[in-house]
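**Q**
2 protein chains.
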Amino acid sequence: MISFEDIEKAWKRIKGIAIQTPVIHSHYFSEVSGNDVYFKLENLQRTGSFKVRGAANKLKVLKQKGKKEVITASAGNHAQGVAFSAKSLGMKATIVMPKNATREKILATKSYGGKVLLYGKNFGEALEKALEISKQNDIAFIHPYDDELVIAGQGTIGLELADKSFDYVFVPVGGGGLISGVAIALKEQTDAKIIGVECKPFSSMALSLKNGRIIKVKPKKVIADGIAVPEIGKIPFEICKEYVDGVYAIDEKYFKKAIFLLLQRSKLVVEGAGAAGVAFLLSKEFKKLKIKNRRICILISGGNINKEELKKLL
Amino acid sequence: MISFEDIEKAWKRIKGIAIQTPVIHSHYFSEVSGNDVYFKLENLQRTGSFKVRGAANKLKVLKQKGKKEVITASAGNHAQGVAFSAKSLGMKATIVMPKNATREKILATKSYGGKVLLYGKNFGEALEKALEISKQNDIAFIHPYDDELVIAGQGTIGLELADKSFDYVFVPVGGGGLISGVAIALKEQTDAKIIGVECKPFSSMALSLKNGRIIKVKPKKVIADGIAVPEIGKIPFEICKEYVDGVYAIDEKYFKKAIFLLLQRSKLVVEGAGAAGVAFLLSKEFKKLKIKNRRICILISGGNINKEELKKLL
Chain A
1 MISFEDIEKA
11 WKRIKGIAIQ
21 TPVIHSHYFS
31 EVSGNDVYFK
41 LENLQRTGSF
51 KVRGAANKLK
61 VLKQKGKKEV
71 ITASAGNHAQ
81 GVAFSAKSLG
91 MKATIVMPKN
101 ATREKILATK
111 SYGGKVLLYG
121 KNFGEALEKA
131 LEISKQNDIA
141 FIHPYDDELV
151 IAGQGTIGLE
161 LADKSFDYVF
171 VPVGGGGLIS
181 GVAIALKEQT
191 DAKIIGVECK
201 PFSSMALSLK
211 NGRIIKVKPK
221 KVIADGIAVP
231 EIGKIPFEIC
241 KEYVDGVYAI
251 DEKYFKKAIF
261 LLLQRSKLVV
271 EGAGAAGVAF
281 LLSKEFKKLK
291 IKNRRICILI
301 SGGNINKEEL
311 KKLL
Chain B
1 MISFEDIEKA
11 WKRIKGIAIQ
21 TPVIHSHYFS
31 EVSGNDVYFK
41 LENLQRTGSF
51 KVRGAANKLK
61 VLKQKGKKEV
71 ITASAGNHAQ
81 GVAFSAKSLG
91 MKATIVMPKN
101 ATREKILATK
111 SYGGKVLLYG
121 KNFGEALEKA
131 LEISKQNDIA
141 FIHPYDDELV
151 IAGQGTIGLE
161 LADKSFDYVF
171 VPVGGGGLIS
181 GVAIALKEQT
191 DAKIIGVECK
201 PFSSMALSLK
211 NGRIIKVKPK
221 KVIADGIAVP
231 EIGKIPFEIC
241 KEYVDGVYAI
251 DEKYFKKAIF
261 LLLQRSKLVV
271 EGAGAAGVAF
281 LLSKEFKKLK
291 IKNRRICILI
301 SGGNINKEEL
311 KKLL
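Chains A and B, in that order, are what the protein sequence lines are. Using the numbering used here, the first residue of the first sequence is number 1, and each one after it goes up by one. Using the numbering used here, the first residue of the second sequence is number 1, and each one after it goes up by one.
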């Protein structure tokens, strides 16, 4: 199991690659919800998402062990996190992306120095290819969430929130790596309740916690593509059973509203997955909880939304 | 003349109304320019722009003198700054706006509790009306930039930058209130060079400094509406003569490019005027200066761009 000390070590390791992002107060969302609402702005993180934290921690440990090359599969933020970390550390990274990955994400990954290999019709096929190359050539495979060093890296966000006395922290949930790290970091030092937010129909974490075993859901296209993960990771499942106070799967319509309001009222570009916490704040599920006058931190996990989607929402 | 101590006093006064905004490092714009580039994020300020700082300082002093009501004329950020400050202080604010003010800005001003009076075809006519009401009813008029307390309030941004050892600070220039306050605050404590940025054809500050007297320019519709001021203020002119190291008027095309890149690469919603410093960084005027390896702070002054303009730029 990952310890608090693992996260402290990660925090030292990733300095100079990832930055400490700001925490700001949101007047608008405080008024709207009757609470004191803060944002942790990982959309302002390098590469536009938190993923660089976990990737940097993993890659730095591999580098210390003499490794010079890594491989991963991703059509999104993890690709950019791995590519940017590898470049910063003078390592080589190959990213297998499915053939339907957007031009924007391919270009961004390449711009950070990643070698992009287009393969397969979907993420599953790209993943298989990456694992195959990894085995055949003895190149380390970087899993986006089911990896202790990656989770410890994401947990560094929790360290940056620990001194702020939050009653609640809302965290987007896809594979579960982010919330696992953040929960370990915060539960050690604070009394904050850790709440996970998924986008329907991707309620794998909520269902798995309820059923006591990992449940896989049927995929569908949603705006929160960064957390559209049909099946959570094994390591995250074990951590979340112990540390997480609640997980809610929210309708996509609240995500769209959240992205728009973040743009218009908070002047922030936030992608679907990154808007999960605000979507929850606007949802009927949150209303039912009758949470008032609390200090709430919403983790805005990323800002990599493409131009066309943004245009549609405006 | 405004002193450094006036700005320190302002900083204490506006606490609880304005917030201390973050300073973040921009990896992208550092790489692009060959410098170490930071952003001071006043687009994340309450009301979406720095204007609330000056308004809060002025109104708090008036309140201490027993005033309960103020009036101003504005079609933009100053309107929201005055309305929000008045509400926070339990005062009454009337904002005279020209009849062609956008629905968005009118609604925003009303949402902060301001009483909106629509009058006249343009800002000049609205201003005349506001001054007339101010005189007839003995209600304090709040000038957007030609006022020592307003300038001292804007200067509080400089205090929040003083410990960061910047070589350069780039500041948008409209009427000149913002750069005046920031320059006084920074020149007292640091060696930073203060550079003003205007949007062509609104080069009143650059021309006035060159000619040793205030020069008025002919207006035109530009995307940087917040700094589209045909004639700088008298107090700012006197301050800038002494404290400002250079003022550049930049073509509108660089502003458009800056807004787009801030959105796409930096995940920030920035209005035309707010993007002035980035526009300068991208301009041929900046290239000519051959500035490299310096610590540059770009003041992002506001984020109140309307939906339609944003859509057009995407």
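Glycine residues also receive a C-beta, built at the ideal position from the N, C-alpha and C atoms.
Are at least three pairs of beta-carbons, each pair with one atom in the stretch 42–62 of chain A and one in the stretch 284–296 of chain A, less than 8 Å apart?
**A** The stretch 42–62 of chain A is not in contact with the stretch 284–296 of chain A.
**Q** Can you pull out the residues from the stretch 5–30 of chain B whose beta carbon lies closer than 8 Å to at least one beta carbon of chain A?
**A** The residues in question are Ile-19, Thr-21, Pro-22, Ile-24, His-25, His-27.
**Q** Mind checking who Val-247/A pairs with in its DSSP beta bridge?
**A** Answer is Gly-196/A.
**Q** Count the other CB atoms within 10 Å of the CB of Lys-210/A; is the residue buried (16 or more) or exposed (fewer)?
**A** Exposed, by the Cβ-count rule.
**Q** Check for me: the beta strand (DSSP E) holding Phe-280/B runs from which residue to which?
**A** Element bounds for Phe-280/B: not the beta strand (DSSP E) but the alpha helix (DSSP H), 276–282.
**Q** On the criterion of 16 or more Cβ atoms from any shown chain inside 10 Å, does Asp-6/A qualify as buried, or is it exposed?
**A** Its Cβ being crowded by 16 or more others within 10 Å, Asp-6/A is buried.
**Q** Name, please, each residue of chain A whose Cβ falls closer than 8 Å to the Cβ of Lys-307/B.
**A** By Cβ distance, chain A contributes Gln-264, Leu-314.
**Q** Is Lys-267/A close to chain B, meaning its C-beta is less than 8 Å from at least one C-beta of that chain?
**A** Answer yes: the Cβ-Cβ gap between Lys-267/A and chain B drops below 8 Å somewhere.
**Q** In angstroms with no decimal places, state the Cα-to-Cα distance between Leu-207/B and Gly-16/B.
**A** So the alpha carbons of these two residues sit roughly 38 Å apart.
**Q** Could you tell me the boundaries of the beta strand (DSSP E) in which Val-23/B lies?
**A** It spans 23–25 - the beta strand (DSSP E) in which Val-23/B sits, taken as one unbroken run.
**Q** Quick one: which residues of the stretch 35–57 of chain B get their C-beta closer than 7 Å to a C-beta of chain A? List them in chain order.
**A** For the stretch 35–57 of chain B, which is checked against every Cβ of chain A, the residues closer than 7 Å are Asn-43, Leu-44, Arg-46, Gly-48.
**Q** Counting Cβ pairs closer than 8 Å, one from the stretch 261–279 of chain B and one from the stretch 18–34 of chain B, do we hit at least three?
**A** Taking 8 Å as the limit for Cβ pairs, the verdict is that the stretch 18–34 of chain B does touch the stretch 261–279 of chain B.
**Q** Contact criterion: CB-CB distance below 8 Å. Does Leu-261/B meet it with respect to chain A?
**A** No - not a single Cβ of chain A is within 8 Å of the one on Leu-261/B.
**Q** In this structure, does DSSP put Ala-108/B in helix, strand or coil?
**A** Of the three classes helix, strand and coil, the one that applies to Ala-108/B here is helix, per DSSP.
**Q** If you draw a straight line from the C-alpha of Gly-212/B to the C-alpha of Gly-196/B, how long is it?
**A** Gly-212/B and Gly-196/B: Cα-Cα distance of roughly 17 Å.
**Q** Mind checking if Leu-310/B is an interface residue toward chain A, Cβ cutoff 8 Å exclusive?
**A** True, the Cβ-Cβ gap to chain A drops below 8 Å.
**Q** Would you give the residue range spanned by the beta strand (DSSP E) that Phe-352/A belongs to?
**A** The question about residue 352/A has no answer, for chain A in this structure spans 1 to 314.
**Q** Given Lys-99/A, which residues of its chain have a CB within under 8 Å of its CB, disregarding the five upstream and five downstream residues?
**A** Excluding positions up to five away in sequence, the list reads Leu-118, Tyr-119, Gly-120, Lys-121.
**Q** Output the boundary residues of the beta strand (DSSP E) element that contains Leu-326/B.
**A** With chain B running from 1 to 314 in the structure shown, residue 326/B is simply not present.
**Q** Please list the residues of the stretch 69–87 of chain A that have a C-beta atom closer than 7 Å to any C-beta atom in chain B, keeping them in chain order.
**A** Listed by position along the chain: nothing, the set is empty.
**Q** Just the chain A side, please: which residues come within less than 8 Å of Gly-272/B by C-beta, in chain order?
**A** What Gly-272/B touches in chain A: nothing, since even the nearest Cβ is about 14 Å away.
**Q** For Gly-226/A, return the contacting residues in chain B, with the cut-off set at a CB-CB distance below 9 Å.
**A** Per Cβ cutoff of 9 Å: no residues; Gly-226/A is ~14 Å from chain B at best.
**Q** Just to confirm, are Asn-304/B and Asn-77/B a CB contact at a threshold of 8 Å?
**A** The answer is yes: Cβ separation under 8 Å.
**Q** Are there 16 or more other CB atoms within 10 angstroms of the CB of Glu-271/B, so buried, or fewer, so exposed?
**A** Per the 10 Å Cβ criterion, buried.
**Q** In chain order, which continuous runs of the beta strand (DSSP E) of length 3 or greater are located wholly inside the stretch 35–71 of chain A?
**A** Within the stretch 35–71 of chain A, the complete beta strand (DSSP E) runs of at least 3 residues are 36–41.
**Q** Taking the alpha-carbon positions, what's the Leu-310/B to Val-269/B distance?
**A** Their backbone Cα atoms lie some 9 Å apart in a straight line.
**Q** How would you call Arg-103/B, buried or exposed, if buried means at least 16 neighbouring beta carbons within 10 angstroms?
**A** Exposed, since its Cβ has fewer than 16 Cβ neighbours within 10 Å.
**Q** Where does Thr-156/B sit, in a helix, a strand or coil, going by DSSP?
**A** Three-state DSSP puts Thr-156/B in a helix.
**Q** Taking Cβ-Cβ distances shorter than 8 Å, what residues in chain B pair up with Gly-303/A?
**A** Those are Lys-267, listed as they occur along chain B.
**Q** Would you mind working out which of Ile-215/B, Asn-57/B, Lys-200/B sits nearest Asp-147/B, comparing C-alpha positions?
**A** If we check each option's Cα against that of Asp-147/B, Asn-57/B comes out closest.
**Q** Buried or exposed: which applies to Ser-283/B, given that a residue is buried once 16 or more other Cβ atoms fall within 10 Å of its Cβ?
**A** Label assigned to Ser-283/B: buried.
**Q** How about Gly-155/B and Lys-267/A: do their beta carbons lie closer than 8 Å?
**A** No, the pair does not count as a contact, with Cβ atoms beyond the cut-off.
**Q** Using DSSP bridges, identify the partner residues of Thr-94/A.
**A** DSSP lists Ile-71/A, Lys-115/A as partners of Thr-94/A.
**Q** What are the start and end residues of the beta strand (DSSP E) that includes Leu-299/B?
**A** Element bounds for Leu-299/B: 295–300.
**Q** Going straight from the alpha carbon of Tyr-112/A to that of Lys-292/A, what length do you get?
**A** Rounded to the nearest angstrom, the two C-alpha atoms are 43 Å apart.
**Q** So Val-182/A is in the alpha helix (DSSP H); what residue range does that whole segment cover?
**A** It spans 177–189 - the alpha helix (DSSP H) in which Val-182/A sits, taken as one unbroken run.
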